[in-house]
Amino acid sequence: MSVGSQAYAALRICYFNGIIPLWRSPLLIAAVFLTPFSFLFFLFVIAPHALFPYGVVGGVLFTALFTGNGMLNDCAYLRLERQLQQVFVASPVTPLAYILGMALSELAFSLPAMTLFVGILFVVHPISALAGAGLVGLLLLTWLMATSLGFFISTLFSQLREIWPIGTLVFSILSILPPIFYPATEIPAHWRWVAYLAPSTFAAQLADRFAGLGGTITTGVPFLDSPFFDLAGLAAFALLFGAAALFFARWREN
Amino acid sequence: MPALEARGLSKTYRKGARPVRALDRVDLAIDRGRLFAFLGRNGAGKTTFIKIASTLLLPSEGELRLFGHDVVREPSTVRRQMALVPQEGKLFYHMTPREHVYEYLRVRGVSAEAAKSRTDAILDEMGLLAYQNVIALRLSGGLQQRTLVAMVLATEAPFLFLDEPTLGMDPFARRQVWEVIRKATHRGSTVLLTTHYLDEAEQLSEELAVIEGGRVLYRGTGEMLKATVRREVRVQIAGEVRPEELASFGKVFAERGRTVVLTSRASVRELTDLGLARGAEVTVGPVTLEEAFLELVGRGIEEEE
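Residue numbers (this note's numbering), protein chains in the order written: chain A, 91 to 344; chain B, 59 to 363.
See below:
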C-alpha cells in the first residue's frame, strides 16, 4: 500500500471506529469527560482556587493520556473478543495504518472533552493564541505517545480479563500520580527525579508552561529548566513507545 | 505453481508446562481456483493451519507459500492477495451490514465506485438487503455471520480463507452462502474452507483434506474418501430386528428410530435378506461423508493410541 492509501485507510478506520459510534451513541462523550471532570470538581471544592487552572490543564492532559487506555482496551477487544484485528492483518492494511486509524478513533472520542477543557481554560485563565497552538501540539504528542503504548500493551496478552486491570493500572499511574493536576513543585525535592520516570511529567511541565502557570521544577541547570528538556523527554518517550508499537507489538502471533 | 503450498509445516505451542504440537510436518498443495475443504475434529489443527497461511501466526518449522511467496518472509506481498473470515469473528456492534462491507472494501483500497457496486451485489446475493441498514447489535447471530462472510467475499481476493464461515446459519442462509462461495471460485479465487458441516464440505469442495492430531490423514475428493472406508455401504433397517443380531455385519447404531448398519459390499445381500425375511423395511445406500470421516478419524485415533 502506498503512503497515501495507508493514510486514507487510517482515516476510514477512524471514521467507522470513532465517528460512527460517537454519532450513534453520543453518551460516549460523557464517559470520556466524566473522570477528569470529577477530579476538577473535587479540586474546585477542596483546593485553593489558585490551583483550579492546574486542574483544568490537568483535565485536558488526563483526557489526552487516557486515549492510551481506550486504545489498549479497544484494540484488545477487537483482537480477542471480536477477532476483527485478524480481518485487517490478513489484508493489505499495514500495521501502521491500523494503529493510526485506531489512535485517530480514540482522538475522536476524546476531542469533545479536550475542547471543553481548553474552553474552560480560556475562561478561567486566558492564554495567548501561540500558547494555545503550543498546547494543541503538546496534546497531539501526548496522544501519539499514549496510544502507541496502549497498542503495544494490548498485543502482549491473550485474555481480556488480564488486560483490563493492566490498562487501568498503567494509565492511572501515568495520569494521576505525576504532577498533572497539581504543580510539580509540590513533590518533595528529593523525590522529583522519580516523577521524570513518567512521560506525563514532561507533558504536564510543558502544559503548565504553555498555560503560563509556573510551578515547574527548577534545578539551576539551564537546559534542564528549559521547555526543550521537557519536549525532548516527551518526544523520546513517544518515539520509544511508537517504535514498540510498530516493531515489537505482536501483529503476528508467535 | 499451486496457489498454496505447505512443506513440512509444523507448529508447537509452548504455553504452560507441556508443549502442544498443533501441526506436524504437514505437506499440502492447493491448485488455483479450487475450493478446498479442511475437515477435522476440534483442536485437530485446521485453524492453526489457516492462521499460519493467513499470516496471523508464525510456524515453528517448515514453510508455506501463497502464490509462490513465503508467508513468513514476504507477509506484505501475500496479504495483498488474501482475505479471511476468522473463526467466531464478530462485527463492529455499531455498524450496519452495508457499512461493514463498504468500509472494509474502502480500507483495502477499492475505489468508491467499485466498492459501492460490489456492496450492492453482495448484499443482494447474501440475502442481506432487508437488513442492510440495521446496526449489528440488533442483528441475529446468523445475520451477523452472513455479514462477516459478505464483507470478506466482496473483496474478490485471489485467496479466501473461510474458517467455519456458516457457523450458526440456518439451512437457507447456508445455501445462499455456498452459492456465493462457488461464484468466487468461478471468478478465479482459491478458497480454503474449514467446516464441521460435512454436508457443506461435500456440496462445496472439489477436494478435501482430513486432519487429525496435526497430521493430514487423507487428501482427495469426498467420493474417494467414501470409497476408502472399510464399510462403504449404509443399510437402514426399520422393523423387528435386534441390533445384537446385526453386530457381525459391521458398525451398528440407532438413528431416528431405525437401525443403521455400516457394512462392506460383500455383506449387503445377506443383511438385506435377513431384514426382508423379518418383514422389515430395508434401505441401502452409500455411506455419507460424515460416516466416512468418523471411520477415518476413528481409525487414525486408534492407530495413534
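Ideal Cβ placement from N, Cα and C applies to all residues, glycine included.
Check your understanding: For P344 (chain B), which three-state DSSP category applies?
Key -> In the second sequence, the residue the question calls residue 344 (chain B) occupies position 286. It is a strand residue.
Practice item. With a floor of 3 residues, list each beta strand (DSSP E) that falls wholly inside the region 233 to 317 of chain A, ordered by position along the chain. Key: none
Check your understanding: Going along the region 107 to 137 of chain B in order, which residues come within less than 8 Å of chain A, judged by CB to CB distance?
Key -> K109, S112, T113, L114, L115, L116, P133, S134 and R137
Review point. In the DSSP assignment, what are the bridge partners of L201 (chain B)?
Key: Within the second sequence, numbered from 1, the residue matching residue 201 (chain B) stands at position 143. According to DSSP, which records beta bridges pairwise, L201 (chain B) is partnered with nothing at all.
Check your understanding: Going along chain A, which residues have a C-beta under 7 Å from V165 (chain B)?
Key -> One-based indexing of the second sequence puts residue 165 (chain B) at position 107. Neighbours of V165 (chain B) on chain A, chain order: A99, R102, I103 and V183.
Point to revise | Integer-rounded CB distance, given that I103 (chain A) should sit under 8 Å from M192 (chain A) | key: Translated into the one-based positions of the first sequence, residue 192 (chain A) becomes position 102. Translated into the one-based positions of the first sequence, residue 103 (chain A) becomes position 13. The pair is a contact, with the Cβ atoms about 6 Å apart (cut-off 8 Å).
Point to revise | Cβ contact (3+ pairs, closer than 8 Å) linking the region 161 to 180 of chain A and the region 289 to 302 of chain A | key: no
Exercise for review: Compare the C-beta of G185 (chain B) against all C-beta atoms of chain A and say whether one is closer than 8 Å.
Suggested key: Residue 185 (chain B) sits at position 127 when you count from the first residue of the second sequence. So no, G185 (chain B) is outside the interface.
Review point. Considering only C-alpha positions, which residue in the set A:G209, A:A121, A:I189 and A:L118 is nearest to A301 (chain A)?
Key: One-based indexing of the first sequence puts residue 301 (chain A) at position 211. Measuring from the Cα of A301 (chain A), the nearest candidate turns out to be A:G209.
Exercise for review: Step through the CB atoms of chain B and report whether any lies within less than 8 Å of the CB of P111 (chain A).
Suggested key: Within the first sequence, the letter at position 21 stands for residue 111 (chain A). It does; some Cβ of chain B falls within 8 Å.
Check your understanding: E146 (chain B) touches chain A at which residues, Cβ-Cβ below 8 Å?
Key -> The sequence position of residue 146 (chain B) within the second sequence is 88, counting from 1. Residues of chain A passing the Cβ test: Q173.
Exercise for review: Confirm, please, whether the CB-CB distance from L155 (chain A) to S265 (chain A) is below 8 Å.
Suggested key: Within the first sequence, residue 265 (chain A) is the residue found at index 175, counting from 1. Within the first sequence, residue 155 (chain A) is the residue found at index 65, counting from 1. Yes; because the gap between Cβ atoms is below 8 Å, this pair is in contact.
Review point. How should E258 (chain B) be labelled, buried or exposed, when 16 other C-beta atoms within 10 angstroms of its C-beta is the threshold for buried?
Key: Looking up residue 258 (chain B) in the second sequence gives position 200. By the neighbour-count rule (16 or more Cβ atoms within 10 Å), E258 (chain B) is buried.
Check your understanding: Using Cβ-Cβ distances below 9 Å, what residues of the region 198 to 219 of chain B are close to chain A?
Key -> L206, M209, V210, T213, A215 and F219
Exercise for review: Report the rounded CA-to-CA distance for E252 (chain A) versus F207 (chain A), giving the unit in angstroms.
Suggested key: For the purposes of this step, residue 252 (chain A) is identified with residue 162 of the first sequence, where counting begins at 1. For the purposes of this step, residue 207 (chain A) is identified with residue 117 of the first sequence, where counting begins at 1. Each residue's alpha carbon lies about 32 Å from the other.
Practice item. May I ask you to list the residues that DSSP assigns as paired with L81 (chain B)? Key: On the second sequence, position 23 is the one that residue 81 (chain B) refers to. Paired residue(s): B:K69.
Exercise for review: Measure how close the beta-carbons of M184 (chain B) and V238 (chain B) come, nearest whole angstrom, since I'm counting them as under 8 Å.
Suggested key: Counted from its first residue, the second sequence places residue 184 (chain B) at position 126. Counted from its first residue, the second sequence places residue 238 (chain B) at position 180. Confirmed, about 6 Å.
Practice item. Check A137 (chain A) in the structure and name its three-state DSSP category. Key: Residue mapping note: residue 137 (chain A) aligns to position 47 of the first sequence, counting from 1. Three-state DSSP puts A137 (chain A) in coil, outside helix and strand.
Point to revise | Residues that DSSP places opposite R316 (chain B) in a beta bridge | key: Residue 316 (chain B) sits at position 258 when you count from the first residue of the second sequence. DSSP output for R316 (chain B) lists B:E313 as bridge partner(s).
**Study point:** Assigned secondary structure, L114 (chain B) (DSSP; H/G/I helix, E/B strand, else coil)
**Key:** Here residue 114 (chain B) refers to the residue found at position 56 when the second sequence is read from its first residue. Residue state, collapsed to three classes: coil.
Review point. Would you call the region 246 to 257 of chain B and the region 218 to 228 of chain B in contact, with 3 or more CB pairs under 8 Å?
Key: yes
Review point. Helix or strand or just coil, what does DSSP make of A102 (chain B)?
Key: As a first step, residue 102 (chain B) is located in the second sequence; it is residue number 44 there, counting from the start. Three-state result, A102 (chain B): coil.
Exercise for review: May I ask you to report which of helix, strand or coil DSSP gives D331 (chain B)?
Suggested key: In the second sequence, counting from the first residue as 1, residue 331 (chain B) sits at position 273. It is helical.
Practice item. Kindly confirm or deny that the region 202 to 216 of chain B and the region 153 to 161 of chain B touch, where touching means at least three C-beta pairs closer than 8 Å. Key: yes
Check your understanding: Near E298 (chain B), what residues of its chain come up, given a Cβ to Cβ distance below 8 Å and the 5 sequence neighbours on each side ignored?
Key -> Against the second sequence, residue 298 (chain B) aligns to sequence position 240. For E298 (chain B), where only same-chain residues beyond five positions count, the Cβ hits under 8 Å are R336, G337 and A338.
Point to revise | Contacts of F351 (chain B) in chain A (Cβ-Cβ under 9 Å) | key: In the second sequence, the residue the question calls residue 351 (chain B) occupies position 293. Within chain A, no residue comes near F351 (chain B); the closest Cβ sits about 26 Å away, beyond 9 Å.
Check your understanding: Which two residues bound the contiguous alpha helix (DSSP H) that contains E119 (chain B)?
Key -> Walking along the second sequence from the start, residue 119 (chain B) turns up at place 61. Note, E119 (chain B): premise wrong, no alpha helix (DSSP H); beta strand (DSSP E) at E119 to L124.
Exercise for review: Quickly, what does DSSP pair T252 (chain B) with across the bridge? List them, please.
Suggested key: Walking along the second sequence from the start, residue 252 (chain B) turns up at place 194. Answer by DSSP bridge pairing, in chain order: B:F96 and B:D221.
Exercise for review: Provide the residue span of the beta strand (DSSP E) that contains L194 (chain A), from first to last.
Suggested key: If you number the first sequence from 1, residue 194 (chain A) lands on position 104. That residue, L194 (chain A), is in no beta strand (DSSP E); its alpha helix (DSSP H) goes P185 to V214.
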